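A quick write-up on the structure given underneath.
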Amino acid sequence: MKTTPFKPTKHKHLIISLLCLFLSLNSIAQWQGSGSEEDPYQIHTKADILAMTEAINSSGASYLEGIHFALMDDIEEALTAKIGANFKGYLHGRGHYMNLELHDENNYYNNVLFYSFSGYMDSITFNGNVSNFWSLMTDNFGVLKYLTINLNIQGVYEDTENNGEYVFQCSIFTINNYGIISHCINNSDINVLTPCKVAQISAFSFQNGDNMIIESCINNGNITVNCQPNAIIWIGIFISFGGLLNDKIINSVNNGNIIINGIPETLKLSCFAYGSFGEISNCINTGTIQAKGTDIFGTFSCESLGTISNCLNTGTIIGENIASAFAGKVYAHNTPDASKSEIKNCLNIGYVSGNNKVGALFGEFNNNESNPNRTATIKNNISLSKTSGYVLFGDTNEDVFSNPSLILENNFYDKQMVPQQSTAIGDIPGKAEGLLTTDMTGFALQEILGDGWSYAEGRYPIPLGLENDSVVIAAVTPIFLHAENENNYEHVDSVSKNFYVTT
Numbered sequence: 004m005k006t007t008p009f010k011p012t013k014h015k016h017l018i019i020s021l022l023c024l025f026l027s028l029n030s031i032a033q034w035q036g037s038g039s040e041e042d043p044y045q046i047h048t049k050a051d052i053l054a055m056t057e058a059i060n061s062s063g064a065s066y067l068e069g070i071h072f073a074l075m076d077d078i079e080e081a082l083t084a085k086i087g088a089n090f091k092g093y094l095h096g097r098g099h100y101m102n103l104e105l106h107d108e109n110n111y112y113n114n115v116l117f118y119s120f121s122g123y124m125d126s127i128t129f130n131g132n133v134s135n136f137w138s139l140m141t142d143n144f145g146v147l148k149y150l151t152i153n154l155n156i157q158g159v160y161e162d163t164e165n166n167g168e169y170v171f172q173c174s175i176f177t178i179n180n181y182g183i184i185s186h187c188i189n190n191s192d193i194n195v196l197t198p199c200k201v202a203q204i205s206a207f208s209f210q211n212g213d214n215m216i217i218e219s220c221i222n223n224g225n226i227t228v229n230c231q232p233n234a235i236i237w238i239g240i241f242i243s244f245g246g247l248l249n250d251k252i253i254n255s256v257n258n259g260n261i262i263i264n265g266i267p268e269t270l271k272l273s274c275f276a277y278g279s280f281g282e283i284s285n286c287i288n289t290g291t292i293q294a295k296g297t298d299i300f301g302t303f304s305c306e307s308l309g310t311i312s313n314c315l316n317t318g319t320i321i322g323e324n325i326a327s328a329f330a331g332k333v334y335a336h337n338t339p340d341a342s343k344s345e346i347k348n349c350l351n352i353g354y355v356s357g358n359n360k361v362g363a364l365f366g367e368f369n370n371n372e373s374n375p376n377r378t379a380t381i382k383n384n385i386s387l388s389k390t391s392g393y394v395l396f397g398d399t400n401e402d403v404f405s406n407p408s409l410i411l412e413n414n415f416y417d418k419q420m421v422p423q424q425s426t427a428i429g430d431i432p433g434k435a436e437g438l439l440t441t442d443m444t445g446f447a448l449q450e451i452l453g454d455g456w457s458y459a460e461g462r463y464p465i466p467l468g469l470e471n472d473s474v475v476i477a478a479v480t481p482i483f484l485h486a487e488n489e490n491n492y493e494h495v496d497s498v499s500k501n502f503y504v505t506t
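Each residue of the sequence shown is one higher than the last, beginning at 4 in my numbering.
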């Protein structure tokens, strides 16, 4: 007798799906709430989290889509395994904390909170200890908001084919960010104390996808790397590696320091992003970077094909080959779907050092000569600190400054504070030049720089959007010596005056 394979009908598919949903929701029926935004399922203890894990694992990936969970208490008993995979619901922390103890020695993908996250999670602080730890999420396709990381972290060491050589990996929030990370704080350090062959390090995301957003985030964690001579190291605090289209890092701050012990074979380092076609705006770096041996260092981007605007650097930078307070290398391009290649309305107050191409705004300019329509624009920027190279532009190739693909406009430095050349060919009127302090403070530059800056008497301009930061205001306020006439300034032995500093 011929048998006919079972082929479920559309109605049978629906019945099976509803049955799975019923069984899964039945496992969490003990919880108070209905799973709606107004009346979420309530999580009080670790046992409630484990019930949530059971529900996720026993159903299809999308059955929790649109269902809300909320922490009602701190989860003091530590989680020792991931909650689940492909979560598409909502998890609201309501300001509570969750303790983690994730230590699977054999599979670092088990030492995550979620394996692939497509939901929404907010307002949770994560405390505890993790080892063999790459990230809190493997991939973020959803929204992470108001999360704080206070973990003691030991990253992933993977053996290579050569005995005694390791690959180190750690990107605290997520390996790959395809979604939104907003108003999140990292307070955790990353320490690579065992020298390794390769290190890939980030506090927020190792790699980014098109249209990803990191906004209003803060890094307070420090990074220390002990490296062997043949090491290859990539570090980007917000994005370690990647330069895809239309990604954004906005309104974010790095307060963390980076220390590289030893001279690696290759070191590419940035406090914000390795490379980007996208936008970095209204961001601040206060961190100190000690990284002798860097091939390329740019505080906001190592290799920039996108827009860096209204950003501030106050940190001290110790690099090597190419070093800059903003972009290590700037590339001209005319990619229609990407942001413009541009640095504008930025302010540097930090010292930058290196041995080759060193400048506050960029270290080196690159252009594909076969395509003269490509451009990069550097305009309306200020630097108030010395460098070990040139004040504004570090490129030692004098021909760069006559290249029509490089558009320079209104880039200034205080020549009383910084007695250096702005470029390899000196000042370039209208493009790169030094001014007196009195010609830069107050409203003196308002007509030239325009509405991308905030102006006030008694201080230098501040990039618009950063003017309410008290640290920024203190940093841009010079102290003037008082005298009835300028002849009294010709010889000054000492200055003494009592004054108060308030925040």
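The C-beta atom is built at its ideal place from N, Cα and C for all residues, glycine as well. What you are looking at is a predicted structure, and each value in this text was computed from that prediction instead of being measured.
Taking the CB atoms as reference points, tell me whether residue i and residue j lie closer together than 8 Å.
i	j	result
Tyr354	Ser386	no
Ile410	Thr380	yes
Asn351	Asn313	no
Glu1	Ile325	Past the boundaries of the shown model lies residue 1; the chain is included only from 4 to 506, so the question cannot be answered.
Ala276	Ser304	yes
Ile127	Gly92	no
Met140	Phe171	no
Ser191	Asn153	yes
Val479	Tyr463	yes
Ala328	Ala363	yes
Thr338	Phe404	no
Gly1	Gly331	In the structure as shown, the chain starts at 4 and stops at 506, and residue 1 therefore has no counterpart that could be examined.
Val361	Ser344	no
Gly87	Ile59	yes
Leu270	Ile263	yes
His186	Tyr149	yes
Gly455	Asn383	yes
Can you name the start and end residues of the beta strand (DSSP E) that residue i belongs to?
i	result
Ser132	The amino acid occupying residue 132 in the given sequence is Asn; Ser does not appear at that position. Element bounds for Asn132: 123–136.
Leu105	93–105
Gln419	Unbroken run through Gln419: none, as it is neither H nor E.
Ile235	235–239
Thr269	269–273
Gln172	169–174
Lys251	251–253
Gln157	146–162
Thr177	177–180
Glu282	282–284
Gly3	This structure leaves residue 3 out entirely; the chain is present only between 4 and 506.
Gly366	365–369
Val115	Segment: none, Val115 is in no beta strand (DSSP E) and carries neither H nor E.
Met140	140–143
Output the boundary residues of the alpha helix (DSSP H) element that contains residue i.
i	result
Lys49	49–60
Ala81	From DSSP, Ala81 is part of no alpha helix (DSSP H) but of the beta strand (DSSP E) over 78–82.
Val475	473–478
Leu452	449–452
Taking the alpha-carbon positions, what's the residue i to residue j distance?
i	j	result
His47	Ile346	49 Å
Ile184	Lys200	30 Å
Phe25	Tyr44	Note that Phe25 has pLDDT 48, beneath the 50 cutoff, so the model's placement of it is unreliable and the number below is only indicative. Cα to Cα, the separation comes out at about 15 Å.
Glu412	Gly433	6 Å
Ser392	Tyr112	As written in the sequence, residue 392 is Gly, which differs from the Ser given in the question. Between Gly392 and Tyr112, the C-alpha separation is close to 45 Å.
Phe209	Glu104	22 Å
Asn214	Phe144	11 Å
Pro407	Phe396	16 Å
Pro422	Val394	9 Å
Ser284	Asn229	32 Å
Asp107	Asn114	6 Å
Ser27	Asp162	Annotation note: pLDDT 48 at Ser27 (below 50); position unreliable, coordinate value reported separately. Their backbone Cα atoms lie some 40 Å apart in a straight line.
His16	Ala84	Confidence at His16 is low in this model, with a pLDDT of 47, below 50, so its placement is unreliable and no value can be given for it.
Leu448	Ala435	14 Å
Gly36	Met75	12 Å
Ser174	Asp472	28 Å
Asp402	Thr390	21 Å
Ile465	Ile451	14 Å
Gly38	Leu94	11 Å
Gln203	Trp237	5 Å
Between the options, which lies nearest to residue i when the distance is taken from Cα to Cα?
i	options	result
Gly468	Cys286, Asp398, Leu147	Cys286
Asn546	Leu82, Gln293, Val228	For the chain, the structure presents residues 4 to 506; residue 546 sits outside this window and is missing.
Thr289	Val333, Ala202, Ile240, Thr310	Ile240
His99	Ala73, Asn109, Val115, Asn110	Ala73
Gly296	Val195, Met75, Thr480, Leu272	Leu272
Ala341	Asp250, Met420, Gly182	Asp250
Gly259	Glu306, Ile299, Thr317	Thr317
Glu3	Met101, Glu68, Leu147	Residue 3 is absent from the structure shown; the chain starts at 4 and stops at 506.
Phe117	Glu218, Val133, Ser138	Ser138
Gly122	Glu268, Glu40, Glu68, Val133	Glu68
Gln424	Gln157, Asn109, Ser388, Glu282	Ser388
Give the list of continuous beta strand (DSSP E) stretches no shorter than 3 residues that lie fully inside the stretch 377–442.
379–386, 409–417, 435–438
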